[in-house]
Amino acid sequence: MKTIDLRSDTVTRPSPEMRKAIFEAEVGDDVFGDDPTVIELERYVAQLLGKEAALYVPSGTMGNQICLKAHSEPGWELLCDRQCHIVNYEAGGPAVHSSLLVNLITTKYGMISADTVRESIRPKNVHCPLTRLVALENTHNHHGGTILPQDEILKVKEVCDEFDLIFHLDGARIWNAHVATGISLDELAAPFVSVSCCLSKGLGAPIGSVVASSAEFIEKCRRERKLFGGGMRQVGILAAAGLYALKNNLGRLKEDHNNARFLAEELNRLDSFEVPMDRVQTNIILVDIATNETAASMLGRMKEIGVLGVQFGPKRIRFVTHLDVDRADCAEAVSRIRSLIA
């Protein structure tokens with residue numbers, strides 16, 4: 004029985020074509036700055052995002068955290084959504100690495116309004132931390148792959164400019180936002196001082212993220228990357244996978260979005276589940292259990308029939324579509340789950 008792995012879009016395996024690109028990659032020593040494939044990847048991503056420069060890093064977590072570290076001083080305050088990846092899934096990085104105070108803001112879909120940012124800025128006196136950073140996540144993982152409205156982002160940008168706040172984007176899935184909305188990548192990235200984007204999620208590379216910003220800021224990030232232990236040597240073999248993914252897998256993300264919509268609609272028809280369909284905007288599906296069963300129990304039973312997801316709360320399961328799962332796999336997953344709960 005084939006296992007249908009819907010735990011995350013990070014579970015994909017390199018295709019034969021990607022493996023060929025890895026095998027044939029020209030390499031150098033990236034810490035010395037002379038790996039030609041890494042240089043090509045960084046320039047390519049910088050161009051896509053409309054930034055001066057970029058830096059290849061091992062993970063999205065490192066990308067976000069070196070940006071926060073390079074942007075900040077100990078004791079500064081960061082404003083971000085209560086459910087964001089930076090706070091919930093990066094091992095306490097803002098506090099551990101940068102000594103930041105985090106102001107967690109409750110939102111519906113991950114979008115912090117401009118008015119809320121304005122109201123959250125601390126008064127400038129000796130008793131208060133300095134509110135200096137704002138971070139958004141687009142698309143938003145915990146809210147179900149929701150897309151942040153570009154017009155609202157631009158309003159936040161205006162407040163950041165007015166109060167000299169640094170605006171960072173966790174764009175791990177910015178590619179999905181681009182494909183779903185048709186808004187160009189450089190337009191999506193333009194309001195932000197820095198952007199971190201992932202190559203190993205929907206794009207299907209085995210590892211790696213890229214930070215993009217001004218050339219001056221990227222040099223600061225390069226030092227922080229070294230401090231964090233992220234300097235890698237002949238890493239062109241991995242950068243080649245990222246380049247292949249960007250040039251060949253970006254456009255096909257629409258298939259993942261369509262498969263997610265199909266899966267969500269089919270699961271929502273089952274009495275045991277409730278799917279918040281307003282959140283099914285890209286490749287993530289949140290499924291709430293409408294019976295007395297817990298998510299942990301349901302996932303355990305699903306594993307026995309070869310369908311994998313992850314727990315996102317006591318009664319909530321997350322499924323993520325990706326390039327290793329096609330429409331037939333999604334239909335088969337629904338069929339197995341339907342039989343399981345019958």
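Numbers given in this note's numbering equal positions in the sequence shown, counted from 1, plus 3.
We treat Cβ as the ideally placed atom computed from N, Cα and C, and that holds for glycine.
Check	Outcome
Thinking just about the alpha-carbon of each residue, which of Val278, His171, Ile240 is nearest to the one in isoleucine 25?	Ile240
Can you tell me which residues form a DSSP beta bridge with aspartate 84?	Ile108
Grouping DSSP H, G and I as helix and E and B as strand, with all else coil, what is aspartate 329?	coil
Report the residue ranges of all alpha helix (DSSP H) runs contained in full by the segment 186-265; include only those spanning at least 4 residues, in chain order.	188-192, 218-230, 239-251
To the nearest whole angstrom, what separates the beta carbons of proline 61 and methionine 235, a pair I think is in contact under 8 Å?	7 Å
Where does aspartate 32 fall in DSSP's three states?	coil
Taking the alpha-carbon positions, what's the phenylalanine 166 to histidine 181 distance?	29 Å
Look up alanine 138 in the DSSP assignment and give the residues it is bridged to.	Cys83, His171
Does the segment 50-65 touch the segment 182-190, meaning 3 or more C-beta pairs lie closer than 8 Å?	yes
Got a sec? Which residues, its chain only, sit under 6 Å from threonine 6 by beta carbon, not counting five neighbours each side?	Gly309
Under a three-way DSSP split, which group does tyrosine 47 fall into?	helix
Going by other Cβ atoms of all chains shown within 10 Å of its Cβ, with 16 needed for buried, is asparagine 179 buried or exposed?	buried
Does the Cβ of arginine 135 have 16 or more other Cβ atoms within 10 Å, making it buried, or fewer, making it exposed?	buried
Check for me: the beta strand (DSSP E) holding alanine 98 runs from which residue to which?	Not the beta strand (DSSP E): alanine 98 falls in the alpha helix (DSSP H), residues 96-101.
Residues in its own chain within less than 8 Å of serine 342 by CB, not counting five upstream and five downstream?	Ile308
Once the 5 residues before and after leucine 302 are set aside, which same chain residues still bring their CB inside 7 Å of it?	Gly312, Gln314, Ile320
For lysine 257, tell me which candidate among Asn271, Val238, Thr285 has the shortest Cα-Cα distance.	Thr285
Alpha carbons only, please: which of Phe195, His88, Glu155, Ala293 is nearest the one belonging to asparagine 271?	Ala293
Give the range of the alpha helix (DSSP H) segment to which aspartate 274 is assigned.	Segment: none, aspartate 274 is in no alpha helix (DSSP H) and carries neither H nor E.
I need the DSSP call for isoleucine 292, collapsed to helix, strand or coil.	strand
Rank Ala138, Asp12, Asp33 by C-alpha distance to the C-alpha of alanine 192 and give the top, closest one.	Ala138
Please classify threonine 149 as buried or exposed, where buried requires at least 16 neighbouring CB atoms within 10 angstroms.	buried
Quick check on the DSSP output: the beta strand (DSSP E) that includes leucine 9 runs from which residue to which?	Leucine 9 -> no beta strand (DSSP E), and no H or E assigned at all.
Is the segment 241-256 close to the segment 157-172, with three or more CB pairs under 8 Å?	no
Quick test of your reading: proline 132 and arginine 125, contact by CB under 8 Å. State the CB separation rounded to the nearest angstrom.	6 Å
If you measure between the beta carbons of valine 283 and arginine 264, is that distance less than 7 Å?	yes
Quick check on the burial criterion: 16 or more other C-beta atoms within 10 angstroms. Buried or exposed for alanine 57?	buried
Helix, strand or coil, according to DSSP, for isoleucine 340 in the structure here?	helix
Might you give, ordered along the chain, the residues of its own chain that have their beta carbon closer than 7 Å to the beta carbon of lysine 318, omitting 5 neighbours on each side?	Asp291, Ile292, Thr297, Ala298
For glutamine 314, name the three-state secondary structure that DSSP assigns.	strand
To the nearest angstrom, how far is it from the Cα of tyrosine 47 to the Cα of valine 213?	10 Å
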